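Position 214 (the sequence shown) corresponds to 214 in full-length UniProt numbering; numbering is contiguous. Each residue gets a CB set at the ideal place from its N, CA and C atoms; glycine is no exception. Because the structure is a prediction, the values reported are computed rather than measured. Presented below is the structure to which this report refers.
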Amino acid sequence: MSKRINWSGVFPAVTTQFNDDFSINLEKTHQVISNVIRDGVSGLVVCGSVGENTSLSAEEKIAVTEVAVDASRGRVPVICGVAEFTSVQAAKVANAVRKVGVDGVMLMPALVYGSKPFETAEHFRYVARHADVPLMVYNNPPIYKNDVTPDILISLADCDNVVCFKDSSGDTRRFIDVRNEVGDRFVLFAGLDDVVLESLAVGAEGWVSGMSNVFPKEGETIFRLARAGRFAEAMPIYEWLMPILHLDARADLVQCIKLCEAIAGRGSALTRPPRLALPEEDRVYVEQIMAKALANRPALPDVGL
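Following this line, the structure appears as structure tokens:
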């Protein structure tokens, strides 16, 4: 399998939409996905953290993935998150979504178990051996506790289908450390919204974004300006959006992002338990920064959207 894939640009980690009884609303999920594609994003991630992966059954994950593949119609790459307790189950899910037609899998470390570095590496290596699909290694130590360090990633360079690294540690130095050791072996993706411009400045080629569900045109514009070296034009948009982007770094990011989607008329705020609606103080805060953002929405320069 080729070590290079054509993934770049903004890939929203799209939300899974629920009915009032917490069953999945596949029609509304299809609509949410279709709308971000309409607005110019470059790819999709379904069943990620924002998609409430760990609250979905295996059958539901497949159903959501089928909806995304149908909505995309081959226009943008579709990547499915895989977050399982065991390496064997992760490989099974990866192969199942590959059959549905995804372009790749965003693989998280084995959940719950706090693994040692050699165990973390072996989890990714096992799935790479047993799943015939391009893999994006997903590192999010603040949320999932297991840290996929540059050393761990570099040790996977011999796994041909480990093609991409998404880092949500917030430490942009890691991109440079990886590139110094293995060059362009891995496609590098920013994973934390409020350091995306810095990540792009040091070589990230893509962005798995939470808040581009809410502001897809603005997110893609920031990305394209930064990749073109037009930082002077990107900065005012980035500064305007930063209070919203900070929400992506919170433990309750899913509730925050979904509430912002609802305020913007792009989806429902409903999350599946154990995720509950934001307490009033937090809800009011999110509503206030969204109101300010919407009232001061900047004119966007032409980036070919």
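Q. Just how far apart, CA to CA, sit A249 and D282?
A. Working through the sequence shown from its first residue, we reach residue 249 at position 249. Working through the sequence shown from its first residue, we reach residue 282 at position 282. Inter-residue distance for A249 and D282 is about 14 Å (C-alpha atoms, whole angstroms).
For V69, would you say it is in contact with chain D, using Cβ-to-Cβ distances shorter than 8 Å as the test? Included in the structure is just one protein chain, with no chain D present.
Tell me which residue opens and which closes the alpha helix (DSSP H) that A277 is part of. Here residue 277 refers to the residue found at position 277 of the sequence shown. No alpha helix (DSSP H) contains A277, which DSSP labels as neither H nor E.
For this session: Go ahead and label R297 buried or exposed: buried means 16 or more other beta carbons lie within 10 angstroms of its beta carbon, across all protein chains shown.
Result: Within the sequence shown, the letter at position 297 stands for residue 297. Looking at its Cβ environment, which holds fewer than 16 other Cβ atoms inside 10 Å, R297 is exposed.
- Message: Give me the residue from R185, V45, V148, T15 with the minimum Cα distance to D167.
- Response: For the purposes of this step, residue 167 is identified with residue 167 of the sequence shown, where counting begins at 1. Closest option to D167, Cα to Cα, is V148.
For A232, three-class secondary structure by DSSP:
For this step, residue 232 is matched to residue 232 along the sequence shown. Residue state, collapsed to three classes: helix.
request  = Please list, in chain order, all residues of the same chain as A58 whose beta carbon is under 6 Å from its beta carbon, the five residues on each side excluded.
outcome  = Taking the first residue of the sequence shown as position 1, residue 58 is located at position 58. So the list is empty, once near-sequence residues are dropped.
Query - Span separating the alpha-carbon of A71 from that of G81 - result: The count along the sequence shown starts at 1 and reaches residue 71 at position 71. The count along the sequence shown starts at 1 and reaches residue 81 at position 81. Going from the Cα of A71 to the Cα of G81 covers about 17 Å.
* To the nearest whole angstrom, what separates the beta carbons of G48 and A13, a pair I think is in contact under 8 Å? -> The count along the sequence shown starts at 1 and reaches residue 48 at position 48. The count along the sequence shown starts at 1 and reaches residue 13 at position 13. Between A13 and G48 the Cβ distance is about 4 Å, and since that is below 8 Å, they are a contact.
Nearest-angstrom Cα separation, counted from L241 out to C260
What you label residue 260 is simply residue 260 of the sequence shown in a count that begins at 1. What you label residue 241 is simply residue 241 of the sequence shown in a count that begins at 1. Looking at the two C-alpha atoms, the distance is approximately 12 Å.
Exercise. Spatial neighbours of R179 within its chain, please: CB distance less than 8 Å, with the 5 preceding and 5 following residues excluded, ordered by chain position.
Key: As a first step, residue 179 is located in the sequence shown; it is residue number 179 there, counting from the start. Hits under 8 Å: L188, G203.
- prompt: DSSP on I37, reduced to helix/strand/coil?
  reply: Counting from one through the sequence shown, the residue named residue 37 turns up at place 37. Here I37 carries a helix assignment [DSSP, helix/strand/coil].
Outcome for P274 when other beta-carbon atoms lying within 10 angstroms are tallied against a minimum of 16 | Taking the first residue of the sequence shown as position 1, residue 274 is located at position 274. Exposed, by the Cβ-count rule.
Where does F118 sit, in a helix, a strand or coil, going by DSSP?
Along the sequence shown, read from residue 1 onward, the residue named residue 118 stands at position 118. Note: F118 maps to helix in three-state DSSP.
Report task. Using three-state DSSP, classify M136 as helix, strand or coil. Result -> Within the sequence shown, numbered from 1, the residue matching residue 136 stands at position 136. In the structure shown, M136 sits in a strand (DSSP, three-state: E or B).
In the structure shown, what three-state DSSP assignment does G104 receive? For the purposes of this step, residue 104 is taken as residue 104 along the sequence shown, with counting starting at 1. If DSSP states are grouped into helix, strand and coil, G104 belongs with the strands.
| said: Below 8 Å on the Cβ atoms is my contact criterion, and I expect L156 with A121 to pass it. Report the Cβ-Cβ distance as a whole number of Å. | reply: Taking the first residue of the sequence shown as position 1, residue 156 is located at position 156. Taking the first residue of the sequence shown as position 1, residue 121 is located at position 121. With a Cβ gap of about 6 Å, L156 and A121 count as contacting.
**Message:** Please report the straight-line C-alpha distance between V137 and L56, rounded to a whole angstrom.
**Reply:** Working through the sequence shown from its first residue, we reach residue 137 at position 137. Working through the sequence shown from its first residue, we reach residue 56 at position 56. Between V137 and L56, the C-alpha separation is close to 21 Å.
Quick one: residues in its chain with C-beta nearer than 6 Å to the C-beta of M290, no 5 flanking neighbours on either side, listed in chain order?
Along the sequence shown, one-based indexing puts residue 290 at 290. For M290, where only same-chain residues beyond five positions count, the Cβ hits under 6 Å are C260, I263.
Checklist entry - What did DSSP end up calling A299 once you bin it into helix, strand or coil? => result Residue 299 sits at position 299 when you count from the first residue of the sequence shown. Three-state result, A299: coil.
inquiry  = Quick check on DSSP: helix, strand or coil for A251?
reply    = Counting from one through the sequence shown, the residue named residue 251 turns up at place 251. In the three-state reduction of the DSSP assignment, A251 falls in the coil class, being assigned neither a helical nor a strand state.
| So, helix, strand or coil for W207, using DSSP? | Here residue 207 is taken as the residue at index 207 of the sequence shown, counted from 1. The answer is strand: DSSP assigns W207 an E or B state.
- Just how far apart, CA to CA, sit H123 and K292? Here the question's residue 123 lines up with position 123 in the sequence shown. Here the question's residue 292 lines up with position 292 in the sequence shown. Roughly 44 Å separates the two Cα atoms.
May I ask you to report which of helix, strand or coil DSSP gives K166? If you number the sequence shown from 1, residue 166 lands on position 166. Secondary structure of K166 (DSSP, three-state): strand.
Buried or exposed: D103, going by 16 or more other Cβ atoms within 10 Å of its Cβ? The count along the sequence shown starts at 1 and reaches residue 103 at position 103. Counting Cβ neighbours within 10 Å, D103 comes out buried, since at least 16 surround it.
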